[in-house]
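The structure under discussion appears below in the form of structure tokens.
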Amino acid sequence: MVRLEPQTVDLDRWPALEAPSGPGGQSAVEVAQALRRSAREIGLRIDYPDSTAAGEYDAPARVVLRDPERFWARLASSGVLGLGESYMAGEWTTTDLGAVIGILAPWIAGNPDCAHPGERAFGRDGRATPGGGRRRGGPVAVELEDSVPGALTSLYTDETMSTGGAVFASGARTRVRMDDGTDVVHLEAPASPPRRNDLGDAQRRSVDTLLTLAGVGAGSRALVVTPGWGEVPMRAAERGAYVRTMTASTERLSALGSRFAAAGLRDEITLFLGGPADARGSVDAVVAVHPGVTAGVAGYLEVVDTAERLLVDGGRLAISGVVSAERPRPAVVELAAWGSRYVSDAGPVVSWTELAAAVERSPRLRLLGRIEATAHHAETVRLWSETFALRGRDAAALGFDAVYRRMWAFHLAALEAGLRRGWLESVEAVATAKTTLNRREVTPRS
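Heads up: the sequence shown runs through residues 28 to 473, numbered per my numbering.
In structure tokens, the structure reads:
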């Protein structure tokens, strides 16, 4: 039984969650009727406050409506964005948020009576507004890091504070040589559901896999353009590499410096305030984890430009990220409208086709292949969600109110839904710098 507790929203802090004016008009009525008719077909049960219900009792997912009129009005006026805001406002609840998003987001995205703010913002193919960049006195500086506070990150991750997909110990691997000559290694789902205490080792395994792809070892010069909260540069330094990394955040700079010092790696890692464009010299490896999390396509292009400029002949670029197989699905585009308002301005995720094309357009880089670990990433996010739910009191003590906590829960659940439904893929890609071009002829793209 889902508990129905009173919900309050501080509208000074969350003005967008103000209740829709009126019941939503005819469109809201039509959305309500259409979803009630479709509930059984799409595998959803809807419980209403008057004890009536729609859909099968044992449906795969269940929604409990606390305020049906506001729920329908938000779906009609804001679509999937409204679905998220209605959850944040406490107008509906569920015991399996990821499953509900996986069912409702594509249904809403395909319903003509629901608004489609994602399509309006990003176009039908999700690419009308390219991600990235903010202006600093003329040139565009591309943000590669997320703006999530370290205090929040610590509430749902493990001791590594890594925010990429982990790789768990079990799960078969298959390798396929593609027509273009690249190799694809696919990691099957873990043999049994991982537990929370498996996550730290699995994150270290994921980082080690990425560093191995990049050829990072004793004596190599590695540039980590997205340090996160420190695990990637630290693991590289522990391999004996000379590591350089940077951050544009003074808060993160201080936190990273303290963590490197505590690990005894202050001398092995050069840390500076700035971005990839500020890096100079030559390196053997460039490593990036989720460079599009804030800037979208522009983040990946910035990493490719950096690799072109700094890699020695034969050096390697390794990138970990979440992509869509081809163009983003309508559900992903609509979820991006919610994400742009509350989490990141990146827009819909980059497609693998776009990422591969960016590498292939480079005069110096050649794509070698990728590792696909989508099922492992989905399990990672499931464990994050479980951990975050268990630490609700800690989050409240740090100033994250109930609306913020529901917002972050929705964000994590949407990511898990995308990974499990095949809308998104988790990849680690590797490219090498060609040796046939004089490096002095290479200039970064504007």
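Where is the CB? At the ideal position from N, CA and C, for every residue including glycine. Bear in mind the structure is a predicted one, so any value in this text is a computation, not a measurement.
- Secondary structure at residue 213: strand, using DSSP grouped into helix, strand and coil.
- Judged by DSSP secondary structure, residue 115 falls within the alpha helix (DSSP H) whose first and last residues are 95-115.
- In this structure, the alpha-carbon of residue 328 lies about 7 Å from that of residue 385.
- About 12 Å separates the beta carbons of residue 263 and residue 252, which is beyond the 8 Å limit, so they are not a contact pair.
- Fewer than three pairs of CB atoms, one per stretch, sit closer than 8 Å, so the stretch 294-314 makes no contact with the stretch 348-360.
- Closest option to residue 173, judged by alpha-carbon separation, among 416, 320, 391: 320.
- Taking the Cα positions, residue 291 is about 28 Å away from residue 330.
- With respect to residue 106, residue 47 sits apart: the two C-beta atoms are not nearer than 9 Å.
- Collapsing the DSSP output to three states places residue 289 in a helix.
- By the Cβ rule, the stretch 130-147 counts as touching the stretch 51-62, because three or more pairs are nearer than 8 Å.
- Collapsing the DSSP output to three states places residue 64 in a helix.
- Here residue 249 carries a strand assignment [DSSP, helix/strand/coil].
- The C-beta of residue 201 has fewer than 16 other C-beta atoms within 10 Å across all chains shown, which makes the residue exposed.
- Close CB contacts of residue 318 within its chain, under the 6 Å cut and outside five residues either way in sequence, are with 171, 253, 326, 327, 330 (chain order).
- Counting along the chain, residue 444 sits inside the alpha helix (DSSP H) bounded by residues 429-448.
- In this structure, the alpha-carbon of residue 257 lies about 32 Å from that of residue 129.
- Bridge partners of residue 269 according to DSSP: 248.
- By the CB criterion at 9 Å, residue 443 and residue 135 fall outside the cutoff.
- When secondary structure is reduced to three states using DSSP, residue 387 falls in the helix class.
- In this structure, DSSP gives residue 54 a helical state, which the three-state scheme calls helix.
- In the three-state reduction of the DSSP assignment, residue 119 falls in the strand class, which pools E and B.
- Exclusion of the five residues before and after residue 364 leaves 108, 144, 145, 148 as the residues of its chain whose Cβ lies within less than 6 Å of its Cβ.
- CA-CA distance, residue 395 to residue 247, rounds to 20 Å.
- Between the stretch 447-454 and the stretch 389-407, the count of Cβ pairs shorter than 8 Å is three or higher; the stretches touch.
- For residue 414, same chain residues with a beta-carbon under 7 Å away, outside a window of 5 residues either side, are 183, 223 in chain order.
- The Cβ-Cβ distance between residue 460 and residue 283 does not fall below 9 Å.
- Nearest neighbour of residue 214 by Cα position, chosen from 322, 225, 405, 255, turns out to be 405.
- Going by beta carbons, residue 427 and residue 124 fall outside the 9 Å limit.
- Non-local C-beta neighbours of residue 152 in its own chain, meaning closer than 6 Å and more than five positions away in sequence, comprise 354, ordered along the chain.
- For residue 412, the enclosing alpha helix (DSSP H) starts and ends at 401-417.
- With respect to the 9 Å criterion, residue 112 and residue 44 are classified as neighbours on the basis of their beta carbons.
- In this structure, the CA atom of residue 377 is about 11 Å from the CA atom of residue 359.
- For residue 368, the enclosing alpha helix (DSSP H) stretches over residues 357-369.
- Residue range 226-240 is occupied by the alpha helix (DSSP H) that includes residue 233, with no beta strand (DSSP E) assigned at that position.
- In the same chain as residue 86, and ignoring 5 residues on each side of it, the C-beta atoms closer than 8 Å to its own belong to 66, 67, 70, 71, 72, in chain order.
- Of the residues assessed, residue 230 falls on the buried side of the cut-off, its CB having 16 or more other CB atoms within 10 angstroms.
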